[in-house]
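K.L.:
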Amino acid sequence: MKKPAISSCLAALLLGLSSHASHASPLADDPLGAFAQKQLKAATSLQSLPGSSTPTTAGRAQLQAPRARHGTEPMSHVVVTALGYLGKPYVYGGQSLDKGFDCSGFVLSLYQRSLGLKLPRTAAEQAHATEKIEKHELAPGDLVFFNTMKRRYSHVGIYLGNGRFIHAPRAGAVIRIENMEISYWKQRFNGARRVTTASA
């Protein structure tokens, strides 16, 4: 039997995430619980599908034009890699798998690990270094920014699709998936950005 394309697998995976994360609270320690572990296992299996691996060396040359990248293999690889971070602890200033991550450290590590691109360190710097897009243009792998500390671009996450994003939320919590449309995040949404070859 022919294996499904990775984009189709990711679509099915995100539909599953959508049905289980629709009531995620920004104050919950792990809104996905055991379900997150199942999704992590599924995401890991996706990496063995044809065309699912993207070289991290010379990553800038591997990226496709940003306007045509919705559903492209590099961004699929970003999403699959992001799911592998689920459950990692929030650590202020952190940017390593061993110790944990803060929000911008997670984004920095994810793009460097999956595509070989090195973004700036802070959320605000990442916002200024990447390409502004409208909310309706969001595609998996794009960056979403929020005002959570009474200043613009004080928090960042990775858009997954279906209104969901993955992020390192706060001290005492773990990397998790949440719904951008719940009131807490909707009221604090600061804008969307796209990572291009000029961003790093």
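Residue numbers for the sequence shown, in mature numbering (1 follows the signal peptide of the UniProt record, and there is no 0): -24 to -1, 1 to 176.
Quick reminder that beta carbons are idealized off the backbone N, C-alpha and C, glycines included.
A quick note: this is a predicted structure, and the numbers were derived from the prediction, not measured.
Kindly indicate if chain C contains any beta-carbon less than 9 Å away from that of SER72.
P.N.:
Absent here is chain C; the protein component of the structure consists of one chain.
K.L.:
With contact counted as at least three CB pairs below 8 Å, one residue from each stretch, are the stretch 152 to 167 and the stretch 67 to 74 in contact?
P.N.:
no
K.L.:
For HIS104, count neighbouring C-beta atoms within 10 Å of its own C-beta (all shown protein chains included) and say buried if the count is 16 or more, exposed if not.
P.N.:
Here residue 104 corresponds to residue number 128 of the sequence shown, with the count starting at 1. HIS104 comes out exposed.
K.L.:
On a CA-only basis, which of ILE134, MET51, ALA115 is nearest GLU154? Give me that one, please.
P.N.:
For this step, residue 154 is matched to residue 178 along the sequence shown. Of ILE134, MET51, ALA115, the residue nearest in Cα terms is ILE134.
K.L.:
Grab me the residues of SER90's own chain with a C-beta within less than 6 Å of its C-beta, minus the 5 sequence neighbours each way, in chain order.
P.N.:
Residue 90 sits at position 114 when you count from the first residue of the sequence shown. Excluding residues within five positions, the ones whose Cβ falls inside 6 Å are HIS53, VAL54, THR57.
K.L.:
By DSSP, does TYR87 sit in helix, in strand, or in coil?
P.N.:
Here residue 87 refers to the residue found at position 111 when the sequence shown is read from its first residue. Reduced to three states, the DSSP call for TYR87 is helix.
K.L.:
By Cβ distance, which residues of its chain are closer than 8 Å to MET51, with the 5 residues on each side in sequence left out?
P.N.:
Against the sequence shown, residue 51 aligns to sequence position 75. Within the same chain, MET51 has close Cβ partners ARG45, ALA115, PRO116, GLY117.
K.L.:
I need the boundaries of the alpha helix (DSSP H) containing TYR68, first residue and last residue.
P.N.:
Walking along the sequence shown from the start, residue 68 turns up at place 92. Where TYR68 is concerned, there is no enclosing alpha helix (DSSP H), given that its DSSP letter is neither H nor E.
K.L.:
Please return the same chain residues whose Cβ sits closer than 8 Å to the Cβ of GLU110, not counting the five positions on each side in sequence.
P.N.:
Residue numbering aside, residue 110 sits at position 134 when the sequence shown is read from its first letter. Around GLU110: ALA168.
K.L.:
Secondary structure at ARG164, three-state DSSP: helix, strand or coil?
P.N.:
Against the sequence shown, residue 164 aligns to sequence position 188. ARG164 falls in the helix class under three-state DSSP.
K.L.:
My understanding is that LEU62 touches ARG152, with C-beta atoms under 8 Å, so please give their C-beta distance in whole angstroms.
P.N.:
Within the sequence shown, the letter at position 86 stands for residue 62. Within the sequence shown, the letter at position 176 stands for residue 152. Rounded, the Cβ-Cβ distance is 7 Å, consistent with contact.
K.L.:
Taking the alpha-carbon of SER130 as reference, which of PHE122, GLY137, LEU136 has the nearest alpha-carbon?
P.N.:
Here residue 130 refers to the residue found at position 154 of the sequence shown. When each option's Cα is compared against that of SER130, the closest is PHE122.
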